[in-house]
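K.L.:
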Amino acid sequence: MNARALLYSFSPKPNIAPPDFSATKISADNPRPQTPFRFRVRIRNREQYCCFVRVSGGGGGNRRGGKVFADVKSEAYDISESVDKFDKGLSDVVSVKEDLEAESAAEVSWLQEFPKRWVIVVLCFSAFLLCNMDRVNMSIAILPMSAEYNWNPATVGLIQSSFFWGYLLTQIAGGIWADTVGGKQVLAFGVIWWSIATILTPVAAKIGLPFLLVVRAFMGIGEGVAMPAMNNILSKWIPVAERSRSLALVYSGMYLGSVTGLAFSPYLIHQFGWPSVFYSFGSLGTVWFAVWLSKAHSSPLEDPELRPAEKKLILASSISKEPVKAIPWKLILSKAPVWALIVSHFCHNWGTFILLTWMPTYYNQVLKFNLTESGLFCVLPWLTMAFSANLGGWIADTLVSKGFSVTRVRKIMQTIGFLGPAFFLTQLSHINSPAMAVLCMACSQGTDAFSQSGLYSNHQDIAPRYSGVLLGLSNTAGVLAGVFGTASTGYILQHGSWDDVFKVSVGLYLVGTVVWNLFSTGEKVID
């Protein structure tokens, strides 16, 4: 029998709680504080409970002692089973409570310890996912649309290129806006703007071609600010050692957006008609908009929930957080690495945008795939790009961490991004098998994705404070390549062949390789 069982044995029955022997509180009636009682208990025998209780207590430094004898007679009652059950029940309650507390603590700990900078990266990734979903749906929907409205290849090329009219207008403006106002507001504007334009596309097409061209240009305005805004945000949130990986993940959102758009567009068209593609994809932007406003901040200094340890890590290797008040255009345009970026971006985007907008048509006309097959086979190159972009980002950051110079790493990655697509596009004219043609396209796009760790990471290397403006500047050249390349492809196809289209792209890839390796750098050239 233990002490707890013994105290219960003082009562007539073991299920009645013992009296409260604690010290009384200080009051007007009882001004003298008392200490709690202490008990010493002995059991005489098992039949008759005769307990000797020694009570000690006191206050004011005096100790008093005495003995109290209590003879309690009762029938024999075995309380060991009740005590065991009580102890077991108490242990179970404590165990459950500890498990719940541990589980809750683990959950809170995981949520709190997940880096906030990577929350920003994931949100940017999802924005670029929507960006390309809304962009490539036209490359699939244009096939039934051109049949319905009797558009020739030149008109189709004009419609495809109209997106770039607006896209071109907001590259530099978006960069200036992001660097001065903050990337959060600019990216939020871009997503909601292009989502509305996407929803309005079927309405504009039914009204007439001029209205469709205007709406597609409006969509380009929204998407045009996305890259400069994202580049501005990541330049403030991401340390140099994580730069390639973070940018690769964000840009892989574009590739997976192409995968999603190309995979689901044929199904939606067959089930609900081509307008459903624009309605469904455009509505997703409003969901992203609400999450972005509640979770994102333009810089770590503006985030009140950012943990001090993470803030210290970010600021330790970050650029000056003084706001940009004036853009040093003369200084920027006087640097050779800036022009290497501009020229290389033009050469890169010529081939990339042609594949982005014309690939389904190539599969349909040359490889004789139907609409559904065209969309599904177009998915493979973009999946390859999503994988290769993240692989390239990991390789680039690993090389930098092992002591390779940033300049050397950027040149290696971009050379792969130029010469890889050039080689595989030259093989298309020698291939007769559709399966091999798709494989060749996938390899071309996969090696192209290494550019995310090359020229697309270089803006933050050479001018971190003006990374938004610099990306807007170089991407303006890239958009011009998209405008001229997409429109000229329609013209070339009316007077030539797909081999001629690919030859132009290969030539520009080679020019970009030479310029990049001669003039680019990974060092900061503009403060």
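Counting from 1, position 463 in the sequence shown corresponds to residue 462 in numbering that gives the first Met the number 0; the numbering is continuous, with no gaps. Using N, Cα and C, we set each Cβ at its ideal position, and we do this for glycine too. Values in this document were obtained by computation on a predicted structure and should not be read as measured data.
Relative to the alpha-carbon of Y508, which residue among W236, W381, T425 has its alpha-carbon at the smallest distance?
P.N.:
For the purposes of this step, residue 508 is taken as the residue at position 509 of the sequence shown. The option with the nearest alpha carbon to Y508 is T425.
K.L.:
Beta-carbon within less than 7 Å of C346's beta-carbon, same chain only, minus the 5 sequence neighbours each way: which residues are those?
P.N.:
In the sequence shown, the residue the question calls residue 346 occupies position 347. Excluding positions up to five away in sequence, the list reads L507, Y508, V510, G511.
K.L.:
Give every residue of the same chain whose Cβ lies closer than 6 Å to the Cβ of V482, excluding the five residues on either side of it in the sequence, and list them in chain order.
P.N.:
The sequence position of residue 482 within the sequence shown is 483, counting from 1. Once the five neighbours on either side are set aside, the close Cβ partners of V482 are S160, F163.
K.L.:
Just how far apart, CA to CA, sit S125 and L312?
P.N.:
As a first step, residue 125 is located in the sequence shown; it is residue number 126 there, counting from the start. As a first step, residue 312 is located in the sequence shown; it is residue number 313 there, counting from the start. Cα-Cα distance, rounded: 25 Å.
K.L.:
From this set, V202, V190, S432, which residue's C-alpha is nearest L292's C-alpha?
P.N.:
Taking the sequence shown and counting its residues from 1, one reaches residue 292 at position 293. It is V190.
K.L.:
What residue does the alpha helix (DSSP H) around F113 start on, and which one ends it?
P.N.:
Walking along the sequence shown from the start, residue 113 turns up at place 114. Where F113 is concerned, there is no enclosing alpha helix (DSSP H), given that its DSSP letter is neither H nor E.
K.L.:
Do the segment 182–201 and the segment 245–259 make contact, defined as three or more Cβ pairs closer than 8 Å?
P.N.:
no
K.L.:
Report yes if the C-beta distance between I415 and T383 is below 8 Å; otherwise report no.
P.N.:
One-based indexing of the sequence shown puts residue 415 at position 416. One-based indexing of the sequence shown puts residue 383 at position 384. Result no, Cβ atoms of I415 and T383 do not sit closer than 8 Å.
K.L.:
Quick check: what's the CA-CA separation for D480 versus G350?
P.N.:
Within the sequence shown, residue 480 is the residue found at index 481, counting from 1. Within the sequence shown, residue 350 is the residue found at index 351, counting from 1. One detail in the question is off: residue 480 reads as Ala in this sequence, not Asp. Between the C-alpha atoms of A480 and G350 there is a straight-line separation of about 8 Å.
K.L.:
Compute the Euclidean distance between the alpha carbons of G223 and V478, then round it to the nearest angstrom.
P.N.:
Position 224 of the sequence shown, counting from 1, holds the residue named residue 223. Position 479 of the sequence shown, counting from 1, holds the residue named residue 478. So the two alpha carbons sit approximately 9 Å from each other.
K.L.:
So for A325, helix, strand or coil by DSSP?
P.N.:
Position 326 of the sequence shown, counting from 1, holds the residue named residue 325. In the structure shown, A325 sits in coil (DSSP, three-state: anything other than H, G, I, E or B).
K.L.:
Identify whether D302 lies in helix, strand or coil by the three-state DSSP scheme.
P.N.:
For the purposes of this step, residue 302 is identified with residue 303 of the sequence shown, where counting begins at 1. Looking at D302 - three-state DSSP - the assignment turns out to be coil, as it is neither helix nor strand.
K.L.:
Have a look at V547 and T488 and give me their C-alpha separation to the nearest angstrom.
P.N.:
In this structure the chain extends from 0 to 526, so residue 547 is not present and cannot be described.
K.L.:
Indicate whether the contact test is met: 3 or more Cβ pairs, each with one atom in the segment 319–339 and one in the segment 511–520, closer than 8 Å.
P.N.:
yes
K.L.:
Quick one: Cα of G173 to Cα of G181, how far?
P.N.:
Locating residue 173 in the sequence shown gives position 174, counting from the first residue. Locating residue 181 in the sequence shown gives position 182, counting from the first residue. The C-alpha of G173 lies about 10 Å from the C-alpha of G181.
K.L.:
DSSP on I198, reduced to helix/strand/coil?
P.N.:
Indexing the sequence shown from 1 puts residue 198 at position 199. Looking at I198 - three-state DSSP - the assignment turns out to be helix.
K.L.:
Hey, I139 and P359 are a contact pair by Cβ (cut 8 Å); roughly how many whole angstroms apart?
P.N.:
Here residue 139 is taken as the residue at index 140 of the sequence shown, counted from 1. Here residue 359 is taken as the residue at index 360 of the sequence shown, counted from 1. Confirmed, Cβ separation roughly 6 Å.
K.L.:
Kindly provide the ranges of any alpha helix (DSSP H) runs that are 4 or more residues long and lie completely inside the segment 123–206, ordered along the chain.
P.N.:
Within the segment 123–206, the complete alpha helix (DSSP H) runs of at least 4 residues are 152–180, 182–206.
K.L.:
If you compare alpha carbons, which of M229, E112, W357, P265 is closest to V121?
P.N.:
Counting from one through the sequence shown, the residue named residue 121 turns up at place 122. For the residues M229, E112, W357, P265, the minimum Cα distance to V121 belongs to M229.
K.L.:
Taking the alpha carbon of L246 as the point to measure from, which residue in T154, L208, W117 has its own alpha carbon closest?
P.N.:
The residue given as residue 246 occupies position 247 in the sequence shown. Of T154, L208, W117, the residue nearest in Cα terms is W117.
K.L.:
Does the Cβ-Cβ distance between A216 and G165 come in under 8 Å?
P.N.:
Stepping through the sequence shown from its first residue, residue 216 is reached at position 217. Stepping through the sequence shown from its first residue, residue 165 is reached at position 166. A contact, by the Cβ cut-off of 8 Å.
K.L.:
Return the CA-CA distance between V342 and L470, expressed in angstroms with no decimal places.
P.N.:
As a working mapping, residue 342 is identified with position 343 in the sequence shown. As a working mapping, residue 470 is identified with position 471 in the sequence shown. Using only the alpha carbons, I get a separation of about 13 Å.
K.L.:
Is it buried or exposed for Q170, if we count other Cβ within 10 angstroms and need 16 for buried?
P.N.:
As a first step, residue 170 is located in the sequence shown; it is residue number 171 there, counting from the start. Counting Cβ neighbours within 10 Å, Q170 comes out buried, since at least 16 surround it.
K.L.:
Hey, quick one: how far does the alpha helix (DSSP H) through E222 stretch, first residue to last?
P.N.:
Translated into positions along the sequence shown, residue 222 becomes position 223. From DSSP, the alpha helix (DSSP H) with E222 extends over 208–223.
K.L.:
Taking the alpha carbon of L325 as the reference point, which residue from W497, K115, T179, Y490 has its own alpha carbon closest?
P.N.:
Residue numbering aside, residue 325 sits at position 326 when the sequence shown is read from its first letter. First, the amino acid is wrong: residue 325 is Ala here, not Leu. Per the Cα distances, T179.
K.L.:
Would a C-beta distance cut-off of 8 Å place V135 and G260 closer than the cut-off?
P.N.:
The residue you call residue 135 lines up with position 136 of the sequence shown. The residue you call residue 260 lines up with position 261 of the sequence shown. Contact: yes.
K.L.:
Closer than 8 Å is the cut-off here; do at least three beta carbon pairs connect the segment 145–160 with the segment 455–469?
P.N.:
no
K.L.:
Ends of the alpha helix (DSSP H) at Y455?
P.N.:
Position 456 of the sequence shown, counted from the start, is the residue given in the question as residue 455. That run of the alpha helix (DSSP H) goes 454–461.
K.L.:
If you follow the alpha helix (DSSP H) that F288 is part of, which residue opens it and which one closes it?
P.N.:
Translated into the one-based positions of the sequence shown, residue 288 becomes position 289. Note, F288: alpha helix (DSSP H), 274–294.
K.L.:
Considering only C-alpha positions, which residue in the set V505, F417, Q184 is nearest to H296?
P.N.:
One-based indexing of the sequence shown puts residue 296 at position 297. Answer by Cα proximity: Q184.
K.L.:
Return the CA-CA distance between Y250 and W393, expressed in angstroms with no decimal places.
P.N.:
Translated into positions along the sequence shown, residue 250 becomes position 251. Translated into positions along the sequence shown, residue 393 becomes position 394. If you take the alpha carbons of Y250 and W393, they lie about 14 Å apart.
K.L.:
Taking only three categories from DSSP, how would you classify E46?
P.N.:
Indexing the sequence shown from 1 puts residue 46 at position 47. Bear in mind that a pLDDT of 46 at E46, under 50, signals an unreliable position, so the number given afterwards is only what the model happens to contain. The answer is coil: DSSP assigns E46 none of H, G, I, E or B.
K.L.:
Look at the alpha carbon of K115 and the alpha carbon of W357, and state the distance between them as a whole number of angstroms.
P.N.:
Here residue 115 refers to the residue found at position 116 when the sequence shown is read from its first residue. Here residue 357 refers to the residue found at position 358 when the sequence shown is read from its first residue. So the two alpha carbons sit approximately 38 Å from each other.
K.L.:
For S245, which three-state DSSP category applies?
P.N.:
As a first step, residue 245 is located in the sequence shown; it is residue number 246 there, counting from the start. The answer is helix: DSSP assigns S245 an H, G or I state.
K.L.:
Going by DSSP in three states, F530 sits in which element: helix, strand or coil?
P.N.:
The shown model of the chain, from 0 to 526, leaves out residue 530, and the question about it has no answer.
K.L.:
Could you check the C-alpha separation between I411 and V513 for me, to the nearest Å?
P.N.:
The residue you call residue 411 lines up with position 412 of the sequence shown. The residue you call residue 513 lines up with position 514 of the sequence shown. One C-alpha to the other measures close to 12 Å.
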